[in-house]
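Numbering-wise (the working numbering), the sequence shown opens with residue 318 and increments by one.
Here a beta-carbon is modelled for each residue, glycine too, at the ideal position from N, C-alpha and C.
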Amino acid sequence: MKKKYVNLLLIIITLFLIVSIFRSWFLLQKRSEAIKKTQDKLTNLIDEQERLNRELARVEGREYIEREARNKLNYGKEGESFVFLPEITPVLLPTPTPTEIPYNWLKWVKIFQ
């Protein structure tokens, strides 16, 4: 009788340990997925930061400032002359009025009248 209780107790402890191991394994998998997602997000943010740093260096450059001043503010260098071209407006052609085409049955009616 005592041996049955010991065996039952060992089975219960073994089941508890198995459940605990599976639970720990599941939590480990879940956390490793979270770590992978966070690493991917970090990689994307680092790439975006590098892109923004390149853009900042380009925008702070003298060439960019000169080009923007020329394009947006119509500034130019000394001795430069501007040529303003007139805007091209499209030629509007009148649309032809559609002629009314009678139905075939009306043509036959007119023939037999």
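Three-way DSSP call (helix, strand, coil) for residue i in this model
i	result
residue 401	coil
residue 430	coil
Rounded Cβ spacing between residue i and residue j (contact assumed at less than 8 Å)
i	j	result
residue 314	residue 387	Limits of the chain in this structure are 318 at one end and 430 at the other, which puts residue 314 out of reach.
residue 399	residue 393	6 Å
Short CB-CB distance (under 8 Å) between residue i and chain C
i	result
residue 369	The chain labelled as chain C is not found in the depicted structure, where only one protein chain is given.
### Query
At what residue ranges does the segment 374-423 contain a whole run of the alpha helix (DSSP H), taking only runs of 4 or more?
379-390
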